[in-house]
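K.L.:
If you scroll down you'll find the structure; I have some questions about it.
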Amino acid sequence: MMFVVELNRENYEYDVHSIVKAFYAEEQVKVLTPASKEWENEELRQNVKVCICVECDGAVIVVNNEEFHWKFAEGEDVCLSEVSGNRQETSNIAKLFKDGFKRFLYRTLSLATGKELPWGNLTGIRPTKIAYGMLEQGVSEEEILDYYQDKHYVSREKAELSLDIAKREKELLAKVHYEGGYSLYIGIPFCPTTCLYCSFTSYPIAAYRKLV
33 MMFVVELNRE
43 NYEYDVHSIV
53 KAFYAEEQVK
63 VLTPASKEWE
73 NEELRQNVKV
83 CICVECDGAV
93 IVVNNEEFHW
103 KFAEGEDVCL
113 SEVSGNRQET
123 SNIAKLFKDG
133 FKRFLYRTLS
143 LATGKELPWG
153 NLTGIRPTKI
163 AYGMLEQGVS
173 EEEILDYYQD
183 KHYVSREKAE
193 LSLDIAKREK
203 ELLAKVHYEG
213 GYSLYIGIPF
223 CPTTCLYCSF
233 TSYPIAAYRK
243 LV
């Protein structure tokens with residue numbers, strides 16, 4: 033049976049699907065939004081397990097018949113639809129809002145399932161990209177580890193792994209001549225397992241060993 037999530041904002045569909053799927057890895061997850069086809073709504077609405085309403089100043093999640101509430105910026109009276117200022121400011125606030133919502137969704141599903149994910153609420157991004165960028169900005173290693181754990185709920189082990197790889201990457205890239213040289217990325221889409229944060233297409237290595 034399909035595990036259906038009802039969501040009122042289609043621009044949050046990808047993040048919601050990724051995080052819900054990480055918690056319910058064995059389920060076939062479908063997110064219904066206002067942009068979903070009418071026949072999908074009628075056919076799947078009876079299987080809704082999680083209902084999410086993103087509002088201008090927070091969000092409400094209903095799971096297992098229990099309501100969970102979140103207010104943006106820890107209760108500050110900020111409404112996205114009323115934000116004024118330049119485009120960059122609005123974009124920054126929208127990003128902060130979405131990041132806060134993703135943390136709220138993670139905490140809610142963690143409570144509902146009793147699970148904690150090793151990669152926390154990270155979706156669709158190489159975890160090392162965060163550490164690499166912060167190293168470039170001169171942020172200390174301990175602050176980077178705290179950021180992974182506090183902002184994304186990443187386990188200490190995975191945070192340390194990300195930092196270690198970012199440091200190796202930084203050392204390698206320091207030798208690249210960006211004007212007279214080039215770098216080459218080779219992607220090998222065969223993995224023993226798919227990482228919970230990963231949004232890239234990959235295939236089980238056992239089934240494709242001949243190609244490898």
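Here this note's numbering is used: the first residue of the sequence shown is 33, the next is one more, and so on.
C-beta: ideal position from N, C-alpha, C; glycine also.
1) Helix, strand or coil: which one does DSSP assign to residue 48?
2) Let me know the secondary structure DSSP gives residue 101 once reduced to three states.
3) Ignore the nearest five residues each way along the sequence and tell me which others in residue 186's own chain have a CB closer than 8 Å to its CB.
4) I want to know whether the stretch 80-89 touches the stretch 39-50 - three or more CB-CB distances under 8 Å.
5) In angstroms, rounded to a whole number, what distance separates the CA positions of residue 168 and residue 46?
6) Would residue 246 and residue 93 be called neighbours here (beta carbons separated by less than 9 Å)?
7) Could you check what DSSP says for residue 242 in three-state terms: helix, strand or coil?
8) DSSP has residue 247 in a bridge; who is on the other side?
9) Determine the direct distance from the alpha carbon of residue 196 to that of residue 171, and round the result to whole angstroms.
10) According to the neighbour-count rule (16 or more other Cβ atoms, all chains shown, within 10 Å of its Cβ), is residue 67 buried or exposed?
11) Between which residues of its own chain and residue 99 is the CB-CB distance below 7 Å, once the five residues before and five after are set aside?
12) When you compare the CB positions of residue 105 and residue 146, do they come within less than 9 Å of one another, or not?
13) Rounded to the nearest angstrom, what separates residue 144 and residue 69 at their Cα positions?
14) Alpha carbon to alpha carbon, how far is residue 166 from residue 126?
15) State buried or exposed for residue 218, treating a residue as buried only when at least 16 other CB atoms are found within 10 Å of its CB.
P.N.:
Let me spell this out:
1) Position 16 of the sequence shown holds residue 48. Look at residue 48 here: in three-state DSSP terms it is helix.
2) As a first step, residue 101 is located in the sequence shown; it is residue number 69 there, counting from the start. Residue state, collapsed to three classes: strand.
3) For the purposes of this step, residue 186 is taken as residue 154 along the sequence shown, with counting starting at 1. Excluding sequence neighbours, residue 186 sits near 150, 151, 152, 154, 159, 180, 194.
4) Touching, per the Cβ criterion.
5) Indexing the sequence shown from 1 puts residue 168 at position 136. Indexing the sequence shown from 1 puts residue 46 at position 14. The alpha-carbon atoms of residue 168 and residue 46 are separated by roughly 29 Å.
6) Residue coverage of the chain in this structure runs from 33 to 244, which leaves residue 246 outside it and unanswerable.
7) Here residue 242 corresponds to residue number 210 of the sequence shown, with the count starting at 1. In the structure shown, the three-state DSSP call for residue 242 is coil.
8) Any question about residue 247 goes unanswered here, given that the chain covers just 33 to 244.
9) The residue you call residue 171 lines up with position 139 of the sequence shown. The residue you call residue 196 lines up with position 164 of the sequence shown. The alpha-carbon atoms of residue 171 and residue 196 are separated by roughly 14 Å.
10) The residue given as residue 67 occupies position 35 in the sequence shown. When all chains shown are included, residue 67 counts as exposed.
11) Taking the sequence shown and counting its residues from 1, the one referred to as residue 99 is at position 67. Taken in chain order, the residues that qualify are 92.
12) Within the sequence shown, residue 105 is the residue found at index 73, counting from 1. Within the sequence shown, residue 146 is the residue found at index 114, counting from 1. Taking the C-beta atoms as reference points, residue 146 is found no nearer than 9 Å to residue 105.
13) By one-based count along the sequence shown, residue 144 stands at place 112. By one-based count along the sequence shown, residue 69 stands at place 37. Distance between residue 144 and residue 69, taken at the CA atoms: about 29 Å.
14) Here residue 166 refers to the residue found at position 134 when the sequence shown is read from its first residue. Here residue 126 refers to the residue found at position 94 when the sequence shown is read from its first residue. Going by the C-alpha atoms only, they are around 21 Å apart.
15) Residue 218 sits at position 186 when you count from the first residue of the sequence shown. Residue 218 counts as exposed, since fewer than 16 other beta carbons sit within 10 angstroms of its beta carbon.
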